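J.: In the working numbering, each residue carries its 1-based index in the sequence shown increased by 24.
Before we start, here is the structure in question, set down as structure tokens.
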Amino acid sequence: MNFNLLDLAVMILFFLSMILVGVWSYFRSRSSDDYFVAGGQLPWWLAGVSHHVSGHSGAVFVAYAAVAYTHGFTMYMWWAFPVGVAIMISAKVFPVYWVRLRKNFQIQSPLEYLKTRYDLPTQQIMAWSGVILKVFDVGAKWAAIGVLLNVVGDIPMMPGILISGIVTLIYVTFGGLWGVIITDFIQFFVQLLGSIVMFVLVIKKLGGPDSITGIWKQLPPEHSQLFNSPYTASFVGIMFLLYFLSYNGGGWSLATRYISSPSERAASKAAWLSGLLYLIWPLILFFPMWAAPLILPGLADPSTSYGHLMLEILPQGMIGLVIASLFAATMGMTSSDVNTIAAVITRDILPVVSKKFINDKHPLRTARITTFVFTLATIIVALNYQRFGGVLGLIVNWFGALLGPTALPLLLGLLPRFRSCGPKTAIISIVAGLLTFVVTKNITLNSLALEVGLPTIVAAAIYLTVGFTSRTAPEKVDQLMAALQKPTV
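In structure tokens:
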């Protein structure tokens with residue numbers, strides 16, 4: 025084991041703080057409204073930081089670090105930059121609509137409005153497919169932190185996954201959204217401190233501040249290019265589309281940050297803060313990953329580059345801090361996902377499965393049980409991550425390819441331009457996208473952009489065609505659209 029007592033003490037203190045926040049938040053959550061949407065009283069700066077933290081995980085230090093090691097600056101171009109732009113260009117649109125939905129229709133789950141917007145079967149298809157998809161996505165995040173712990177601390181994958189999974193299970197089950205939000209805030213600063221330490225020590229290792237620009241002269245020329253095959257401009261365009269859908273609400277937990285805001289203005293400010301963080305912060309975060317080939321040339325497995333880099337440059341006692349920052353990145357995203365998925369299961373699925381949940385006398389207890397069970401399922405997937413194509417395979421190929429078809433009807437359904445897209449259009453676009461995914465998994469396309477993006481392209485073609493060629497909509501949809509166009513206090 026590569027940890028000393030100081031490293032272990034730092035990590036133990038980090039985990040204890042997460043659990044203590046969960047216990048504190050337990051007493052803050054007095055209803056399902058508190059548990060799932062913080063009673064609609066989430067300050068914009070907390071929402072913005074949480075939106076940012078919830079949008080990435082420890083996979084950044086495994087799967088994305090591998091791309092940074094092998095392909096260079098293009099990693100920023102196909103992840104952080106398009107994410108920041110996607111959030112900021114719609115800061116006054118989708119965040120505002122999510123707040124209006126909560127205030128006008130008392131939603132606690134991003135999918136609750138779909139029953140009115142489309143119908144019950146459409147809502148259920150999207151709920152079930154999204155929940156199943158998230159089991160794999162969250163599982164990938166646990167697996168990523170397991171890989172890092174294995175490299176840095178020589179800890180077997182199973183204990184590494186179980187440590188982060190169980191601690192998160194405790195604080196998110198106890199505390200609900202308040203527990204998630206406060207831990208997100210703590211985790212952001214832990215991650216900030218750990219990453220700055222890595223940034224400074226790598227610069228020192230390479231000879232000083234001049235290395236910030238100097239590394240690109242020593243790395244292969246393609247490492248400094250904006251687009252480096254297979255991460256081409258077309259691939260970045262596809263990823264921008266997926267990020268636009270995901271970070272504006274298609275990623276349900278990110279919609280929750282806006283739903284929980286007290287006002288439209290607060291939600292927009294949260295979006296601007298999150299977007300700015302994505303544009304600026306990853307330039308510091310990724311620098312050690314870009315420089316890694318100079319310090320650790322010829323690594324057989326690039327996904328372990330960040331872990332090996334930590335062992336190479338960090339003094340004893342600092343490894344615990346940076347490991348805690350990696351845990352922070354993972355737990356921030358996974359706990360947010362778990363909380364929102366629990367809301368979808370509790371509010372949208374269970375009342376359909378059994379009538380006893382329609383007027384549940386103990387909604388808070390149901391919410392905590394749902395949270396516990398779902399988290400357990402994601403940990404089981406993580407323990408079997410290799411069967412699904414590894415960490416990057418789970419995140420890019422599975423989640424990336426499947427997110428678009430399920431997110432399109434959810435997000436575009438908020439826009440008046442597509443009011444004529446009804447249940448049939450939504451279901452056909454989802455099914456067509458999922459079938460396209462199955463086909464693409466069984467043929468060779470020789471294009472990563474098409475492999476990841478074709479399911480979304482097909483689903484979008486169907487949904488947009490109907491939206492632009494039809495004008496009629498049911499009265500209930502017209503009323504919903506009218507409500508969404510009126511500012512709320």
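Every residue, glycine too, gets a C-beta built ideally from N, C-alpha and C.
Values in this document were obtained by computation on a predicted structure and should not be read as measured data.
How many whole angstroms separate the CB atoms of M101 and F251, which I take to be in contact at a CB cut-off of 8 Å?
T.: With a Cβ gap of about 7 Å, M101 and F251 count as contacting.
J.: Quick one: residues in its chain with C-beta nearer than 8 Å to the C-beta of E288, no 5 flanking neighbours on either side, listed in chain order?
T.: Excluding sequence neighbours, E288 sits near P119, V120, V123, R124, P511, T512.
J.: Determine, using beta carbons only, whether G356 and P134 come nearer to each other than 8 Å.
T.: Not a contact, by the Cβ cut-off of 8 Å.
J.: I need the straight-line Cα distance from G491 to F461, nearest angstrom please.
T.: Roughly 23 Å separates the two Cα atoms.
J.: Might you give, ordered along the chain, the residues of its own chain that have their beta carbon closer than 6 Å to the beta carbon of D143, omitting 5 neighbours on each side?
T.: So the list reads P447, once near-sequence residues are dropped.
J.: Pull the bridge partners of N252 from the DSSP assignment, please.
T.: Paired residues: Y255.
J.: On a Cα-Cα basis, can you pick out the residue from G477, M263, G275 that is closest to F105?
T.: Selected option, being the one with the closest Cα: M263.
J.: Once you ignore the five residues that flank I131 on each side, which residues in its own chain have a CB closer than 7 Å to its CB?
T.: Taken in chain order, the residues that qualify are L125, Y137, I283.
J.: Have a look at P306 and T496 and give me their C-alpha separation to the nearest angstrom.
T.: Cα-Cα distance, rounded: 45 Å.
J.: Report yes if the C-beta distance between L432 and L300 is below 8 Å; otherwise report no.
T.: Contact: no.
J.: Rounded to whole angstroms, what's the CA-CA distance from F209 to Q340? Just pull it up for me.
T.: Rounded to whole angstroms, F209 to Q340 spans 26 Å at the Cα level.
J.: May I have the straight-line CA-CA distance separating R141 from R281, to the nearest angstrom?
T.: Cα to Cα, the separation comes out at about 21 Å.
J.: May I have the straight-line CA-CA distance separating M182 from D502, to the nearest angstrom?
T.: Cα-Cα distance, rounded: 51 Å.
J.: Looking only at its chain, what residues have a beta carbon closer than 8 Å to the beta carbon of T394, apart from the 5 residues adjacent to it on each side?
T.: Taken in chain order, the residues that qualify are A366, I369, T370, L374.
J.: Quick one, which of T402, L459, L504 has its alpha-carbon nearest S188's?
T.: With distances taken between Cα atoms, S188 lies closest to T402.
J.: To the nearest angstrom, how far is it from the Cα of H80 to the Cα of V377?
T.: Rounded to whole angstroms, H80 to V377 spans 32 Å at the Cα level.
J.: Three-state secondary structure (DSSP) at M112?
T.: In this structure, M112 counts as helix in the three-state DSSP scheme.
J.: Would you kindly work out how many angstroms separate the C-alpha atoms of V61 and A110, rounded to a whole number?
T.: Each residue's alpha carbon lies about 23 Å from the other.
J.: Taking the alpha carbon of A456 as the point to measure from, which residue in F442, I481, G261, L333 has its own alpha carbon closest?
T.: Closest option to A456, Cα to Cα, is I481.
J.: With a cut-off of 8 Å on the beta carbons, I'd call I337 and L225 a contact; round off their distance for me.
T.: Indeed they touch by this definition, with Cβ atoms about 5 Å apart.
J.: CA-CA distance, V196 and I206?
T.: Spanning the two alpha carbons is a distance of roughly 11 Å.
J.: Hey, quick one: how far does the alpha helix (DSSP H) through M342 stretch, first residue to last?
T.: Careful: M342 lies outside any alpha helix (DSSP H) and carries neither H nor E.
J.: In three-state terms, what does DSSP make of K385?
T.: Three-state DSSP puts K385 in coil, outside helix and strand.
J.: Looking at L432 and the ligand SAM, is the gap between the Cβ and the nearest heavy atom below 7 Å?
T.: Of ligands this structure carries none, so the ligand SAM is not represented either.
J.: Going by C-alpha to C-alpha distance, which of L439, W68, I452, F398 sits closest to I156?
T.: Nearest of L439, W68, I452, F398 to I156, Cα basis: F398.
J.: From which residue to which residue does the alpha helix (DSSP H) around W68 run?
T.: Start and end: 68 to 77.
J.: What's the gap between the Cα of P180 and the Cα of V171?
T.: Cα to Cα, P180 sits roughly 9 Å from V171.
J.: Since P479 contacts T464 with CB under 8 Å, what's their CB separation in whole angstroms?
T.: Between T464 and P479 the Cβ distance is about 7 Å, and since that is below 8 Å, they are a contact.
J.: Here's the rule: buried if 16 or more other CB atoms are within 10 angstroms of the residue's CB, otherwise exposed. What is N28?
T.: Label assigned to N28: exposed.
J.: What is the DSSP secondary structure of F310, reduced to helix, strand or coil?
T.: In the structure shown, F310 sits in coil (DSSP, three-state: anything other than H, G, I, E or B).
J.: Given that a residue counts as buried once 16 or more other Cβ atoms are within 10 Å of its Cβ, and exposed if not, what is N408?
T.: Under this definition N408 is an exposed residue.
J.: Would you call the CB atoms of E246 and G344 closer than 8 Å?
T.: No, the pair does not count as a contact, with Cβ atoms beyond the cut-off.
J.: With distances taken Cα to Cα, identify the nearest neighbour of F351 among A295, V214, L333.
T.: Minimum Cα distance to F351 is reached at V214.
J.: Smallest Cα separation from S78: which of T256, A291, S453, Q211?
T.: Selected option, being the one with the closest Cα: Q211.
J.: Have a look at I382 and G203 and give me their C-alpha separation to the nearest angstrom.
T.: One C-alpha to the other measures close to 26 Å.
J.: Please tell me whether I308 and F223 are closer than 8 Å, where the distance is taken between their beta carbons.
T.: Cβ distance < 8 Å, so I308 and F223 count as in contact.
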